[in-house]
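Protein sequence lines correspond, in order, to chains V and B. Take the first sequence: its position 128, counted from the start at 1, is 150 in the working numbering, and no numbers get skipped. Take the second sequence: its position 39, counted from the start at 1, is 61 in the working numbering, and no numbers get skipped. Cβ coordinates follow ideal geometry from the N, Cα and C atoms, glycine included.
There are 2 protein chains.
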Amino acid sequence: MLIDPKSPIPVYQQIATQLRRRISKGIYQSGESLPSLRVLAVELGVNPNTIHRAYEELTREGIVESRRGAGLFVTASEPAATGRAELRLEHSLDRTIQRALTDGISPERIRVMFREAMHNRLEKSMKGDA
Amino acid sequence: MLIDPKSPIPVYQQIATQLRRRISKGIYQSGESLPSLRVLAVELGVNPNTIHRAYEELTREGIVESRRGAGLFVTASEPAATGRAELRLEHSLDRTIQRALTDGISPERIRVMFREAMHNRLEKSMKGDA
DNA sequence: TAAAATGCCTTAGTGCACTAGTGCACTGCG
DNA sequence: CGCAGTGCACTAGTGCACTAAGGCATTTTA
């Protein structure tokens with residue numbers, strides 16, 4: 023497990039991403055497995071709170087369950103379905119971004135248009151579109 | 023011209039977006055046209071610096087040219103080509119986001135995956151991919 | 001039951017994006 | 001020349017995301 027503190031991507035996101043990959047690959051089976059907050063913290067050289075932040079994400083996504091005093095446990099019931107959806111999204115985003123870059127659109131512009139697109143789409147969802 | 027200060031999208035971006043739309047629609051022709059910093063500032067009820075920030079974006083994109091003491095002038099040579107590319111990007115982003123949402127992926131997760139996708143794609147571009 | 005290990009909560013510090021305030025330099029026009 | 005209007009640079013304040021530090025509650029285990 024490697025971490026790059028200088029990356030613009032937050033450390034806790036890097037950790038969450040790698041954990042997601044390992045879980046979907048079956049490295050961490052259903053049951054206990056996941057290393058404790060402090061153990062993983064000293065291994066990566068970060069604050070335990072940063073690890074907690076990553077675990078929090080996985081908990082909200084429902085692919086993991088935490089028991090105070092005991093540890094972190096993998097639920098992994100249906101990560102297959104959402105996993106495929108995320109894989110589609112990952113590829114779609116990559117294709118869209120690559121196309122935009124070759125079209126000469128600047129990275130900052132792409133980021134701005136993404137923010138606006140998200141904002142618009144979420145507003146439409148509020149009004150009962152879906 | 024309307025502005026929403028409560029929106030998560032920065033005010034200067036809202037202004038820049040609306041100006042871009044107006045220019046591409048020909049409301050602001052090649053020549054002078056664009057209202058001055060302070061005039062537009064009092065009209066929208068924001069600081070002149072915020073307007074300047076929007077003008078700065080359009081200047082970097084080359085669709086406008088500013089002359090100190092005189093005003094802002096529309097160049098509008100080839101906004102047609104990049105305009106089409108941006109339109110494609112806008113649609114592609116919207117389709118991608120809508121698909122992800124209907125697949126049950128959370129907005130925060132979409133934002134995170136977009137950040138990572140941008141990061142990865144830009145790293146590849148550095149190494150001579152394009 | 002007592003000790004150790006675990007996850008969790010609260011607080012603080014840092015950096016960055018955004019906006020406002022103020023003054024300066026330049027241009028146009030009478 | 002002088003005045004009004006223009007864009008621009010510098011500074012300050014605010015809010016937010018990220019990380020760190022420390023202490024607390026809970027569970028396990030011997």
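- The beta carbon of Pro70/B sits closer than 6 Å to those of Leu59, Arg60, Ala63, all from its chain and outside the five residues before and after it, given in chain order.
- Considering only Glu65/V, Met140/V, Leu109/V, Gly53/V, the residue with the shortest C-alpha distance to Gly93/V is Gly53/V.
- The C-beta of Arg143/V has 16 or more other C-beta atoms within 10 Å across all chains shown, which makes the residue buried.
- Listed by position along chain B, the residues whose Cβ is nearer than 7 Å to that of Ser147/V are Leu123.
- In the structure shown, Glu112/B adopts helical secondary structure according to DSSP, grouped into three states.
- Boundaries for Val68/V: no beta strand (DSSP E) harbours it, and the DSSP string shows neither H nor E there.
- In the DSSP annotation of this structure, the continuous segment of the alpha helix (DSSP H) that includes Arg42/V starts and ends at 33-46.
- Counting only Cβ-Cβ distances below 9 Å, Glu112/B has contacts in chain V at Met135, Glu138, Ala139, in chain order.
- Inter-segment contact for the stretch 76-90 of chain B and the stretch 120-130 of chain B is absent: fewer than three beta-carbon pairs are separated by less than 8 Å.
- Nearest CB-CB separation between Ile132/V and chain B: below the 8 Å threshold.
- At least one CB of chain B lies nearer than 8 Å to the CB of Gln35/V.
- Glu78/B is outside the set of residues whose beta carbon lies under 8 Å from a beta carbon in chain V.
- Ile37/B counts as buried, since at least 16 other C-beta atoms from the protein chains shown sit within 10 angstroms of its C-beta.
- Distance from the CA atom of Glu112/V to the CA atom of Arg121/B, rounded to whole angstroms, is 12 Å.
- Glu138/B is positioned such that its CB atom lies no closer than 8 Å to that of Ile85/V.
- Burial check for Leu56/V: the Cβ neighbour count within 10 Å reaches 16 or more, so the residue is buried.
- The beta carbon of Glu79/B is closer than 6 Å to those of Ala38 in its chain, skipping five residues each way along the sequence.
- Rounded to the nearest whole angstrom, the C-alpha separation of Gly48/B and Phe95/B is 13 Å.
- With a beta-carbon spacing of about 29 Å, Val68/B and Ile119/B fall beyond the 8 Å limit used to define contacts.
- Residue contact check for Pro30/B against chain V: a CB pair falls below 8 Å.
- Shortest Cα-Cα distance from Tyr50/V to any of Arg82/V, Glu65/V, Thr97/V, Ser114/V involves Thr97/V.
- Remark: C-beta atoms of Arg43/B and Met140/V do not approach each other more closely than 8 Å.
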